[in-house]
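Following: one structure in structure tokens, then a few remarks.
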Amino acid sequence: MTSGPGPVVRPYGDTTGDGMVQVSFTLPIPNDARAEGAAVQLAAKMGLFPAMVVHAKAMGPSFTFFVVYGRVSHLVDLSQVEVVEREYPLLTAKEVNLAIRTRLRRKVVVVGATIGTDAHTVGLDAILNVKGFAGEKGLEYYRELRVVNMGAQVTAAELVARAQREKADAVLTSQVVTQRDAHIHHTEEVVAALGVAYGARYRPLVVVGGPRFDPASREQLGVDRVFGKGTTPSEVASYLVHALLTDDRRRSA
Amino acid sequence: MTGKLRLDPAVVRRARTLATRAAAPVEEMARTHTTVSVERAVLRLAGVTGADAEQIPWVNRCVDAVRDQVGLGQGVALPVWDALARHRELDLSTLAQKAAANGIAFRRPDGRDRTRAEAAARKAVGAGVRRIDRNRAERDRRLKRLGDPPRPWIYLIVATGNIFEDIPQAQAAARAGADIVAVIRSTGQSLLDYVPEGATTEGYAGTYATQENFRLMRAALDDVGQELGRYIRLTNYASGLCMPEIATLAGLERLDMMLNDCMYGIIFRDINPQRTFIDQRFSRQVHARAGIVINTGEDNYLTTADAVDAAHTVVVSQLLNERFGLEAGLEPWQLGLGHAFEINPSIPDSFSLELAHAQLVRELFPDAPLKYMPPTKHMTGNVFAGYLLDALFNLVGYMTGQGIILIGMMTEGIHTPFLSDRDLALENIGYIRNAAGSLGTDWHPAKDGLVVRRAHQVLAESVELLERICDETLLTSIARGTFGITKRPADGGKGLDGVVRHEDGYWNPATELLEAGR
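As they're listed, the protein sequences go chains P and Z. Counting from 1, position 212 in the first sequence corresponds to residue 212 in our numbering; the numbering is continuous, with no gaps. Counting from 1, position 514 in the second sequence corresponds to residue 767 in our numbering; the numbering is continuous, with no gaps.
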């Protein structure tokens with residue numbers, strides 16, 4: 001986009017340019033005249049003027065809930081809006097399944113493990129278990145994914161042997177413990193073992209996850225993707241679809 | 254009772270007969286096997302508490318030591334109380350600690366030694382069972398004195414991860430109208446093969462279930478119940494790999510309701526099916542004794558499978574949960590069978606279908622305090638539409654006489670509920686109760702209308718599925734993905750290595766006492 005002034009917009013209530021919005025919030029004070037005044041003051045500081053408290057309700061003796069309508073003075077310059085683009089689109093479970101079924105025409109095999117001495121399967125299970133994480137179902141829920149969850153304290157050799165046996169498309173490793181950089185060393189062991197086992201052949205995708213991993217450390221670790229804290233199953237599934245479908249060699253594998 | 258749905262009593266009987274038949278082989282397995290967690294629960298009943306420097310409880314260390322030396326084929330009680338008789342200088346807890354350091358030589362006692370060990374174990378474990386009995390009597394006294402709220406009971410959740418944050422939130426929830434407070438567990442606790450110790454202040458999306466956390470929350474809810482003149486029930490989760498132990502701790506600390514499903518851990522947590530069925534039987538024996546109401550987890554099936562297509566799997570699971578529960582000694586009033594309002598609101602007649610499902614469950618289980626779960630799957634982030642959906646959920650709850658209603662939050666799936674979300678949710682159900690609370694008795698579906706036809710259809714599909722389960726066995730059905738569209742083979746999943754077949758001379762003082770009381 002050019003740097004010139006773009007179109008400017010403000011909220012729309014029922015007339016162009018009226019700037020009307022509705023907000024609701026709670027203040028930790030008893031419901032009385034002072035509370036309503038406090039709500040109006042907060043609204044003004046949020047840029048709502050004039051603001052009207054249309055609803056105030058006591059929630060117990062020391063909290064009050066407000067609904068406020070008002071006109072915002074702020075403008076949005078559309079030319080200044082920045083959109084951070086993920087390198088792949090976030091898909092729903094249905095879209096993931098459809099993409100695999102129609103474009104890959106076989107199930108995608110995912111082998112997951114918590115590797116090394118780490119006994120914490122919280123992260124692995126959040127991504128793999130049907131139960132899932134943050135309201136999203138885990139990868140087991142996706143019909144077109146076949147998930148092998150090896151659990152905790154899996155060695156690099158065991159993981160790679162299983163990946164070969166299952167003809168894995170992707171290997172997922174999860175680690176929580178970071179003492180003496182154990183998570184880095186264990187990841188390097190897996191990458192090395194895969195290199196030995198697969199040689200010149202195309203190896204499975206290596207996806208690494210854990211709360212202490214830096215998502216930017218992909219190249220340094222020699223893996224395909226690093227997921228940090230708060231990653232949800234659909235992000236992982238969407239990535240797998242993206243990586244497997246945009247690479248012709250993998251599609252024919 | 255002649256129901257509104259005119260269900261054929263012969264079909265209902267047939268469904269129960271099939272459920273009993275499907276459950277029988279699994280019950281037989283549960284009666285002839287034990288698990289490491291069942292054996293640890295025995296030691297917990299006898300009063301062993303505490304953990305080592307790595308936070309592994311002494312009960313785990315002690316059971317592992319017995320297993321390493323003489324196996325668990327005769328249970329943990331005989332070797333432990335036999336050793337105690339030979340080490341008169343030690344009390345049970347010290348013996349457990351010494352065993353952890355390989356300082357105790359265990360054996361399988363015979364003859365007089367065995368008789369002596371049995372007597373001592375019975376006495377020690379009996380003390381724990383008596384404490385559970387006293388807690389049950391104490392609950393009854395408080396309910397009589399403070400009064401039991403009318404049904405449906407309003408169920409609210411707290412989950413900060415920190416027990417000391419949970420306490421004021423739970424008390425605020427009670428003051429705002431909750432009859433039941435549930436403390437959600439930390440993500441992943443179900444997969445720990447030990448119960449953490451002490452008061453805990455860190456958890457992922459929930460607070461660890463520990464004996465000390467149970468005690469602290471119980472005391473806090475007793476205080477606020479006193480203030481409000483209303484008994485506030487406390488709920489936690491007896492699920493996962495430590496189901497028997499957590500059930501035991503719940504009995505020891507006077508919890509009132511426990512999430513406890515016969516298949517949830519298998520389907521949603523990939524816990525080994527055999528381990529789960531054995532553990533759930535013992536845990537239900539404890540719940541039966543403690544007067545605890547269990548909550549089953551059928552609502553979860555509808556979050557993975559379609560709520561219309563899979564409606565009959567909910568009924569089948571409820572019939573199985575009922576059967577396993579009754580076999581373990583639970584009474585019908587203790588069976589909080591679960592179901593949910595999860596039909597896609599954009600399909601035609603979705604409300605009528607919800608009504609049909611909820612009324613069907615009500616009529617199939619007339620004495621069970623059914624637990625009705627709010628919409629989650631179709632809560633989109635449009636909080637206004639979500640608030641409307643929650644109101645219709647509440648309406649179905651009142652129209653069909655549900656026993657326990659978990660209050661839906663309009664911000665479901667967005668964030669941990671704000672104080673105001675909870676307050677609005679209570680305002681929502683308060684309005685429905687006031688406006689339509691007596692509709693349950695007035696309302697009658699048309700004789701051949703959609704509601705009646707749908708209920709008959711779901712019941713017929715349930716009978717069909719039960720017939721298939723009887724033919725192929727329950728464990729095979731689970732392996733084939735019948736429930737929650739997830740396949741779980743009988744020898745897969747976590748925790749199978751903790752399952753032990755009874756050998757000749759197996760003896761468990763807890764089971765003996767719990768079964769004798771029936």
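C-beta atoms are modelled at their ideal positions from N, C-alpha and C, and glycine is treated no differently. No experiment lies behind these values; they were computed from the predicted model shown.
Residue interval of the beta strand (DSSP E) (run including residue i)
| i | result |
| --- | --- |
| Y447(Z) | Note, Y447(Z): premise wrong, no beta strand (DSSP E); not H, not E. |
| L48(P) | L48 to A58 |
| K624(Z) | K624 to M626 |
| T114(P) | V108 to T114 |
| F227(P) | R225 to F227 |
| R754(Z) | V752 to R754 |
| G209(P) | L205 to G209 |
Three-state class that DSSP yields for residue i in the structure shown
| i | result |
| --- | --- |
| A743(Z) | coil |
| T566(Z) | helix |
| G482(Z) | coil |
| Y408(Z) | strand |
| V171(P) | strand |
| T735(Z) | coil |
| Q80(P) | helix |
| H592(Z) | strand |
| R293(Z) | helix |
| Y88(P) | coil |
| E136(P) | strand |
| G151(P) | coil |
| Y461(Z) | coil |
| Q22(P) | strand |
| N489(Z) | strand |
| A558(Z) | coil |
| R468(Z) | helix |
Residue range of the unbroken alpha helix (DSSP H) whose run includes residue i
| i | result |
| --- | --- |
| R686(Z) | L672 to A689 |
| M282(Z) | P262 to T285 |
| N216(Z) | Missing from the structure shown is residue 216(Z); chain Z here goes from 254 to 771 and no further. |
| S536(Z) | P526 to A543 |
| A43(P) | A33 to K45 |
| I420(Z) | I416 to R428 |
| S234(P) | P233 to L245 |
| G70(P) | That residue, G70(P), is in no alpha helix (DSSP H); its beta strand (DSSP E) goes T64 to V72. |
| M496(Z) | M496 to L505 |
| G364(Z) | G364 to L399 |
| M652(Z) | V636 to M652 |
| G123(P) | V122 to L128 |
is_contact[residue i, chain Z] using C-beta, thresh 8 angstroms
| i | result |
| --- | --- |
| S24(P) | yes |
| V229(P) | Note on identity: in this sequence residue 229(P) is Lys, with Val being the wrong assignment. No, K229(P) lies away from the interface with chain Z (no Cβ there is under 8 angstroms from its Cβ). |
| T178(P) | no |
| E140(P) | yes |
Residue i at chain P interface by Cβ criterion, 8 angstroms
| i | result |
| --- | --- |
| G441(Z) | yes |
| A425(Z) | yes |
| K747(Z) | yes |
| T557(Z) | yes |
| Y408(Z) | no |
| Y457(Z) | yes |
Contact set between residue i and chain Z, taken where Cβ atoms lie within less than 7 angstroms
| i | result |
| --- | --- |
| G209(P) | Chain Z residues near G209(P): none, gap ~14 angstroms exceeds 7 angstroms. |
| G299(P) | Residue 299(P) cannot be examined here, being either before or after the span of chain P that is shown, 1 to 253. |
| D125(P) | G441 and L444 |
Interface partners of residue i on chain P, CB under 7 angstroms
| i | result |
| --- | --- |
| T664(Z) | Here the premise fails: no neighbours, minimum Cβ distance about 11 angstroms. |
Where residue i meets chain P, residues with beta-carbon distance less than 9 angstroms
| i | result |
| --- | --- |
| G493(Z) | Near G493(Z) there are no residues of chain P at all, since even the closest Cβ is about 11 angstroms away, more than 9 angstroms. |
| A429(Z) | M59 and G60 |
Neighbouring residues, chain P, relative to residue i (Cβ below 8 angstroms)
| i | result |
| --- | --- |
| G737(Z) | V130 |
Minimum Cβ-Cβ distance from residue i to chain B less than 8 angstroms
| i | result |
| --- | --- |
| A743(Z) | In the structure shown, chain B does not exist; the protein chains are P and Z. |
Exercise. If you measure beta-carbon to beta-carbon, which residues of the segment 517-538 of chain Z are closer than 9 angstroms to chain P?
Worked result: I520, F521, R522 and D523
Exercise. According to a CB-to-CB cut-off of less than 8 angstroms, which residues of the segment 147-169 of chain P neighbour chain Z?
Worked result: N149 and G151
For this session: Note down, in chain order, all residues in the segment 98-127 of chain P with a beta-carbon under 7 angstroms from any beta-carbon belonging to chain Z.
Result: T121, V122, D125 and A126
Problem set entry | Residues within the segment 53-66 of chain P neighbouring chain Z, beta-carbon criterion of under 8 angstroms | K57, M59, G60, F63 and F65
Problem set entry | Against chain P: residues of the segment 663-692 of chain Z by CB proximity under 9 angstroms | E665, G666, I667, F671, L672, S673, R675, D676, L677 and E680
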